[in-house]
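Its first residue numbered 217, the sequence shown is counted upward by one per residue in this note's numbering.
Each residue gets a CB set at the ideal place from its N, CA and C atoms; glycine is no exception.
Heads up, the thing below is written out as structure tokens.
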Amino acid sequence: METGINNILNKLTESEGVIGVLIADEHGLCLGARGIAKASSAGFIASIAAHAKELTELKSDANDTEDTPTISVDYGNR
């Protein structure tokens, strides 16, 4: 599993404009971080994702598909 997560992190950080990537589980445990993303932020980001998922569930009650939110943080002029 660790190799798969490392491959995903590496692929995402190679994307244009990406300066940091963090992957956390549903409990806020940091599974990996690259660039300016801080592992200590994993709990906060997992909480934001959980609330975003609740919003998408409200929006898509008519749909049978389950969406997983992606959180993007803009650091301004960095």
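Cβ-based neighbour list, A258, same chain, cut-off 7 Å, excluding 5 preceding and 5 following: Stepping through the sequence shown from its first residue, residue 258 is reached at position 42. L238, A240, G244, L245, C246, listed in sequence order.
Nearest candidate by alpha-carbon position, reference S263, set A249, R250, T286, G251: Here residue 263 corresponds to residue number 47 of the sequence shown, with the count starting at 1. If you compare the alpha carbons of A249, R250, T286, G251 with that of S263, the shortest gap goes to T286.
Through-space distance from K269 to L225, alpha-carbon basis: The residue given as residue 225 occupies position 9 in the sequence shown. The residue given as residue 269 occupies position 53 in the sequence shown. The straight-line gap from Cα to Cα measures roughly 22 Å.
Anticipated Cβ contact below 8 Å, I235 with I252, distance rounded: For this step, residue 235 is matched to residue 19 along the sequence shown. For this step, residue 252 is matched to residue 36 along the sequence shown. Cβ-Cβ separation between I235 and I252: approximately 5 Å, consistent with a contact (criterion under 8 Å).
Coil, strand or helix - A253 by DSSP: Taking the sequence shown and counting its residues from 1, the one referred to as residue 253 is at position 37. Three-state DSSP puts A253 in coil, outside helix and strand.
For S231, the nearest candidate out of E218, M217, R250 (CA to CA): The residue labelled residue 231 in the question sits at position 15 within the sequence shown. The candidate whose alpha carbon is nearest that of S231 is R250.
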